[in-house]
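Q: What follows is a single structure, and I will ask about it in a moment.
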Amino acid sequence: SQKIEQNSEALNIQEGKTATLTCNYTNYSPAYLQWYRQDPGRGPVFLLLIRENEKEKRKERLKVTFDTTLKQSLFHITASQPADSATYLCALVYNTDKLIFGTGTRLQVFP
Amino acid sequence: NAGVTQTPKFQVLKTGQSMTLQCAQDMNHEYMSWYRQDPGMGLRLIHYSVGAGITDQGEVPNGYNVSRSTTEDFPLRLLSAAPSQTSVYFCASSYGGSNNQPQHFGDGTRLSIL
Numbered sequence: 672s673q674k675i676e677q678n679s680e681a682l683n684i685q686e687g688k689t690a691t692l693t694c695n696y697t698n699y700s701p702a703y704l705q706w707y708r709q710d711p712g713r714g715p716v717f718l719l720l721i722r723e724n725e726k727e728k729r730k731e732r733l734k735v736t737f738d739t740t741l742k743q744s745l746f747h748i749t750a751s752q753p754a755d756s757a758t759y760l761c762a763l764v765y766n767t768d769k770l771i772f773g774t775g776t777r778l779q780v781f782p
Numbered sequence: 355n356a357g358v359t360q361t362p363k364f365q366v367l368k369t370g371q372s373m374t375l376q377c378a379q380d381m382n383h384e385y386m387s388w389y390r391q392d393p394g395m396g397l398r399l400i401h402y403s404v405g406a407g408i409t410d411q412g413e414v415p416n417g418y419n420v421s422r423s424t425t426e427d428f429p430l431r432l433l434s435a436a437p438s439q440t441s442v443y444f445c446a447s448s449y450g451g452s453n454n455q456p457q458h459f460g461d462g463t464r465l466s467i468l
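First to last, the sequence lines map onto chains A and B.
Following the working numbering, the numbering of the first sequence begins with 672 at its first residue and continues without gaps.
Following the working numbering, the numbering of the second sequence begins with 355 at its first residue and continues without gaps.
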């Protein structure tokens, strides 16, 4: 079955540094991969989508890479701020129309 | 902009009771889905629908029923609640299929089964 792995341990970084979160997957070759942000008590919010042929995508301070050989996506937040503290989820599609999620990585940015 | 609205926000049930979690979206999205979120398990897909009158099972469908009589509404029914169904339930919608479209989530229903 499809499996998505995200680092379950929280990532703690200092304000201004670059945060890098990892998403690894097995047993499938998705055409798309999505990243979401989730704050406590709220539903996930869509951030970025990357296609398998895009390799890298940027949106303001966010950057996502997609390495289909390594079966890995990296999510970067540059110049991180305390307001970036949240849980970040990656998700991919399998069986055409089922979107499955990783367990998420909690990011804590300290002033 | 209401987006995806879930009701109720909180609910406590006794084992064996039934209830319906409501989900409504006002974006005319074709695709709707239900997830449950448990600590350490992430979001798991329960049921989904690609349009009115069409539903299908996700990863963890047992104990849940859905129907899609309109584009706007996608209720989730618990037939006979069990403690294992204690969880946070999220409804999501998207334009077209899920494989290349952002999902819009509601803020969840927190359900406790005693």
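Built from N, CA and C at the ideal position, the CB exists for glycine as well.
(1) Using only the alpha-carbon positions, how far apart do B/LEU397 and A/ALA681 sit?
(2) How long is the line joining the alpha carbons of A/THR758 and B/SER421, rounded to whole angstroms?
(3) Whose CA, out of B/CYS377, B/THR369, B/GLN371, lies closest to the CA of B/PHE459?
(4) Given 8 Å as the limit, is there contact between the stretch 708-716 of chain A and the stretch 745-763 of chain A, that is, 3 or more CB pairs closer than that?
(5) Once you ignore the five residues that flank B/GLY405 on each side, which residues in its own chain have a CB closer than 6 Å to its CB?
(6) Starting from B/GLN457, find everything on chain A with Cβ-Cβ shorter than 7 Å and list it in chain order.
(7) At 9 Å on the CB atoms, spell out the chain B contacts of A/LEU720, in chain order.
(8) Measure the alpha-carbon distance for B/ASP410 versus B/PRO456 and round it to whole angstroms.
(9) Measuring alpha carbon to alpha carbon, tell me which of A/ILE675, A/GLN685, A/SER679 ends up nearest A/ILE748.
(10) Does DSSP put A/ALA754 in a helix, in a strand, or in coil?
A: Taking the structure as given:
(1) Cα to Cα, B/LEU397 sits roughly 18 Å from A/ALA681.
(2) Taking the straight line joining both Cα atoms gives about 31 Å.
(3) The candidate whose alpha carbon is nearest that of B/PHE459 is B/CYS377.
(4) The answer is yes - the stretch 745-763 of chain A touches the stretch 708-716 of chain A, with three or more Cβ pairs under 8 Å.
(5) Excluding residues within five positions, the ones whose Cβ falls inside 6 Å are GLU384.
(6) Listed by position along chain A, the residues whose Cβ is nearer than 7 Å to that of B/GLN457 are PHE717, LEU770.
(7) What A/LEU720 touches in chain B: ASN454, GLN455, PRO456.
(8) Approximately 20 Å, taken between the alpha carbons.
(9) Between A/ILE748 and the set A/ILE675, A/GLN685, A/SER679, the nearest pair of CA atoms involves A/GLN685.
(10) Here A/ALA754 carries a helix assignment [DSSP, helix/strand/coil].
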